[in-house]
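These notes are about the structure you will find just below.
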Amino acid sequence: MECTGQKAHQGNYTASIGFILLGFSDVPDLQGFLFGMFLIVYVIILMGNSFIIIITKVDLSLQTPMYFFLRNFSSSEICYVSVTVPRLLIDLCRQNRKISFLACATQMYFFLVLGATDCFILTVMAYDRYVAICNPLLYPLIMNNRLCVQLVAGCWMTGISVHVGFTYQIFSLPFCRSHQLNHFFCDVPPVLELVCGDTFMTEMLIDVVTVVVVAILFMLILGSYVKIILTILKLPSAIGRAKAFSTCSSHLMVVALFFVSGVIAYLRPKSGHSTVMDKFLSLFYTTVTPVFNPIIYCLRNKEVMAALRKILLKWIVWDSKI
Numbered sequence: 006m007e008c009t010g011q012k013a014h015q016g017n018y019t020a021s022i023g024f025i026l027l028g029f030s031d032v033p034d035l036q037g038f039l040f041g042m043f044l045i046v047y048v049i050i051l052m053g054n055s056f057i058i059i060i061t062k063v064d065l066s067l068q069t070p071m072y073f074f075l076r077n078f079s080s081s082e083i084c085y086v087s088v089t090v091p092r093l094l095i096d097l098c099r100q101n102r103k104i105s106f107l108a109c110a111t112q113m114y115f116f117l118v119l120g121a122t123d124c125f126i127l128t129v130m131a132y133d134r135y136v137a138i139c140n141p142l143l144y145p146l147i148m149n150n151r152l153c154v155q156l157v158a159g160c161w162m163t164g165i166s167v168h169v170g171f172t173y174q175i176f177s178l179p180f181c182r183s184h185q186l187n188h189f190f191c192d193v194p195p196v197l198e199l200v201c202g203d204t205f206m207t208e209m210l211i212d213v214v215t216v217v218v219v220a221i222l223f224m225l226i227l228g229s230y231v232k233i234i235l236t237i238l239k240l241p242s243a244i245g246r247a248k249a250f251s252t253c254s255s256h257l258m259v260v261a262l263f264f265v266s267g268v269i270a271y272l273r274p275k276s277g278h279s280t281v282m283d284k285f286l287s288l289f290y291t292t293v294t295p296v297f298n299p300i301i302y303c304l305r306n307k308e309v310m311a312a313l314r315k316i317l318l319k320w321i322v323w324d325s326k327i
């Protein structure tokens with residue numbers, strides 16, 4: 006009884022004072038450098054994805070389902086990064102890195118929701134490319150405006166509903182080990198390390214959600230692209246094959262970067278976890294992938310670059326008239 010009471014008291018203590026995000030406090034000499042690096046990365050992500058949203062909205066030649074999905078993916082990426090990076094920048098500038106229990110739960114919830122939304126949108130984008138290349142004659146009928154809106158709405162709503170109970174399950178557990186969170190945001194693995202008692206069922210739930218949301222969607226994307234590649238190889242025109250490969254390879258690069266790092270982070274055996282590796286993987290899928298998204302979809306996309314040239318030309322002509 007005494008032990009149980011002590012655990013309950015410590016759990017309430019953690020819930021009342023929250024957590025302390027240790028972040029990168031183990032490298033104090035690099036705090037200024039890390040702040041500058043993450044600030045630059047965050048600005049690049051905001052500007053790059055905002056550029057995709059604007060150019061795919063204003064250019065008439067980009068009013069297609071593919072760019073409609075890309076616009077939503079960029080919007081999700083901006084929100085996804087904004088859940089973690091601004092807080093990281095603030096923590097790098099101050100000594101007090103406390104985060105309340107509720108704020109930590111909220112950050113984890115939105116991080117998981119937006120991560121799941123990204124996964125679903127990437128899957129929908131793969132389906133769009135599958136229909137466009139494997140059933141080009143039926144593409145306008147299948148990928149109509151109504152279906153596109155329904156698919157995107159489903160991506161956002163499914164992400165919201167999946168993680169409500171999941172986040173509640175984690176934060177209803179007793180925290181009685183420490184209130185120091187050795188991470189730079191409230192991710193699932195480091196938070197679970199502070200839980201006392203048996204976490205087997207929670208870890209099983211994490212594995213199930215990860216397999217359903219990440220692994221299955223990744224397999225669906227992979228299956229779609231196997232069929233796409235087989236169809237592309239049958240195209241008679243070399244130019245047509247090159248264009249199709251260019252579009253699909255961009256999407257596959259983003260998928261590989263995002264999904265692989267997430268699967269490794271959440272499905273690694275607990276015995277193989279290390280703080281340094283967890284932080285590195287988290288940095289990869291929270292900042293590195295969103296940075297590459299606008300680079301891959303813009304610089305490697307001839308249609309987007311052509312639209313950019315048209316807009317710049319209009320600005321130059323309008324400026325010269327003034």
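For the sequence shown, the numbering used here gives the first residue as 6, with consecutive numbering after it. All C-beta atoms, glycine included, are put in the ideal place defined by N, C-alpha and C. The structure presented is a predicted model; accordingly, all values stated were derived computationally and were not measured.
Pairing T280 with F190 gives a Cβ-Cβ distance that is not under 8 Å. Approximately 7 Å separates the beta-carbon atoms of P195 and D283; this is inside 8 Å, confirming the contact. G23 and L199 have their alpha carbons spaced roughly 12 Å apart. From the listed residues K62, F40 and L67, the smallest Cα separation to A311 is found for L67.
I226 is positioned such that its CB atom lies closer than 8 Å to that of L127. Looking at C201, C109 and V309, the one whose alpha-carbon comes closest to that of T172 is C109. Here C139 is not near K239, since their CB atoms are 8 Å or more apart. Rounded to the nearest angstrom, the Cβ distance from S229 to Y135 is 4 Å, consistent with a contact under 8 Å. If you look at L65, you'll find it isn't in any alpha helix (DSSP H); DSSP assigns it neither H nor E.
No Cβ-Cβ contact shorter than 8 Å links M113 with V213. In the three-state DSSP reduction, K239 falls in the coil class, being neither helix nor strand. L286 and F40 have their alpha carbons spaced roughly 19 Å apart. If you draw a straight line from the Cα of W161 to the Cα of S81, it is about 9 Å long.
Between L93 and G37, the gap from beta carbon to beta carbon reaches 8 Å or more. Taking 8 Å as the cut-off, the beta carbon of V157 is found closer than this to the beta carbon of N77. A residue is called buried once 16 or more other Cβ atoms fall within 10 Å of its Cβ, and G159, having fewer, is exposed.
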